[in-house]
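**Student:**
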Amino acid sequence: MTANLDFLGDLDPDDPRQASQQIANVLRAAILTRKLAPGDKLPSQPELASRYGVARETVKRALETLRAERLIVSRQGSGAFVRAQTQRPVELRPLIEAAFEHAHVAIDFAGFSGETLRDALAEALDMVRAGRSAPESIAIRAMLSDMSVPMALPALAATGADDAAVRRRADRITRRSADGIIDQVHELADLGLVKSATVQVRVHGLAPTFKLYMLNNREAFFGYYPVVPREVTIGGEQVEIFDLMGRDATLFHYAVDDDDASHGTQFVESSRLWFDSVWNSVAREYQQ
34 MTANLDFLGD LDPDDPRQAS QQIANVLRAA ILTRKLAPGD KLPSQPELAS RYGVARETVK
94 RALETLRAER LIVSRQGSGA FVRAQTQRPV ELRPLIEAAF EHAHVAIDFA GFSGETLRDA
154 LAEALDMVRA GRSAPESIAI RAMLSDMSVP MALPALAATG ADDAAVRRRA DRITRRSADG
214 IIDQVHELAD LGLVKSATVQ VRVHGLAPTF KLYMLNNREA FFGYYPVVPR EVTIGGEQVE
274 IFDLMGRDAT LFHYAVDDDD ASHGTQFVES SRLWFDSVWN SVAREYQQ
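Numbering (the working numbering), first residue to last: 34 to 321.
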């Protein structure tokens, strides 16, 4: 491991999160973006403690977090190493926050309603408002299923078929999420906190079966929507539907690296080509 640890950044004294959590977030981002590659040895606990000006116990807590997430392994007498296999379920929010550390933020999303994207963006946008993050530009493209047209999902459980009332409910959720993203991002530009902030939303008639996030054209997060039966309230009555549970979707992470033939690089490139092909063909402008 090189003694130059500049790529790990510094702690933010204004960040309300504990130092151990900040260190875990920085190391996690370095691993998932391949700055620390599979098999690499992490800096030693004394090196990290010196780097961040914290006690070794704080560093130990950060490493325990990464070990619990199965990102690193410890070898007796040798230190901590990045696992050889890091394609694993991930939490999206810390990675979106890491994307906002760049001068130019670009996020593409394809999925059902955009609820999870809206919630994951909320904290990153709060960081910009608080001055803890200062990107020059933010560009978001969201591609959602058009719930104003018949869909295979969500569906009425009794028939397994498309139902207008079920779709109207889904449409309200989708609009609430899309409008929330648009309003929050545009507010940053209106306040003069970023030089440029744009949100483009398009809809299409494809039934939602998976979600895809692209961050700064370097990382992709992909997951399938579980379809589950559950009761919801529609028109004041309890109705059982087959619904898509976005919050239960397991996301897997892929990142571009220096090898054009690597699995991660090819997945990100294929995802970008797929997104652009749908965006520029059957997707149409969302009407607020």
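Beta carbons are placed, not taken as given, at the ideal position from N, Cα and C, and that holds for glycine. Bear in mind the structure is a predicted one, so any value in this text is a computation, not a measurement.
#1: Relative to the alpha-carbon of residue 127, which residue among 239, 58, 263 has its alpha-carbon at the smallest distance?
#2: How big is the Cα-Cα spacing for residue 54 and residue 181?
#3: For a test of the three-state rule: what should DSSP assign to residue 233, helix, strand or coil?
#4: Could you give the C-beta distance for residue 282 and residue 257, rounded to a whole number, given that I count them as a contact under 8 Å?
#5: Return helix, strand or coil for residue 296, following the three-state DSSP convention.
#6: Roughly how many angstroms separate the alpha carbons of residue 223 and residue 167, rounded to a whole number?
#7: Who are the near neighbours of residue 77 in its chain, counting only those whose CB is closer than 7 Å to its CB and skipping five residues on each side?
#8: Considering only C-alpha positions, which residue in the set 275, 269, 109, 62 is nearest to residue 241?
#9: Work out the CA separation of residue 321 and residue 179 for me, nearest whole Å.
#10: To the nearest angstrom, report how far apart residue 143 and residue 149 are at their CA atoms.
#11: If you drop the 5 nearest sequence neighbours on each side, which residues of the same chain put their C-beta closer than 8 Å to that of residue 89?
#12: Within 8 Å, do at least three Cβ pairs link the segment 228-235 to the segment 203-219?
#13: Would a C-beta distance cut-off of 8 Å place residue 253 and residue 311 closer than the cut-off?
#14: Have a look at 248, 193, 124, 67 and flag the residue whose alpha-carbon is nearest the alpha-carbon of residue 291.
#15: Within 10 Å of its beta-carbon, does residue 40 have 16 or more other beta-carbons around it, so buried, or fewer, so exposed?
#16: I need the straight-line Cα distance from residue 212 to residue 84, nearest angstrom please.
#17: Would you report the Cα separation of residue 116 and residue 105, rounded to the nearest angstrom?
#18: Give the DSSP bridge partners of residue 314, in chain order.
#19: For chain B, check one thing: does any of its Cβ atoms lie closer than 8 Å to the Cβ of residue 139?
#20: DSSP beta-bridge partners for residue 90?
#21: For residue 250 versus residue 138, is the C-beta distance shorter than 8 Å?
#22: Identify whether residue 254 lies in helix, strand or coil by the three-state DSSP scheme.
#23: Identify whether residue 144 lies in helix, strand or coil by the three-state DSSP scheme.
#24: Less than 8 Å between the beta carbons of residue 56 and residue 95, yes or no?
#25: Please return the same chain residues whose Cβ sits closer than 7 Å to the Cβ of residue 156, not counting the five positions on each side in sequence.
#26: Nearest to residue 103 by CA position, among 315, 187, 64, 299, is which residue?
**Tutor:** Per the coordinate set shown:
#1: 58
#2: 43 Å
#3: strand
#4: 6 Å
#5: helix
#6: 15 Å
#7: 112
#8: 275
#9: 13 Å
#10: 11 Å
#11: 78, 79, 82
#12: yes
#13: no
#14: 67
#15: exposed
#16: 42 Å
#17: 5 Å
#18: Residue 314 is not bridged to any residue.
#19: No chain B appears in the structure shown, which is made up of a single protein chain.
#20: Its beta-bridge partners do not exist; DSSP assigns none.
#21: no
#22: strand
#23: strand
#24: yes
#25: 126, 130
#26: 64
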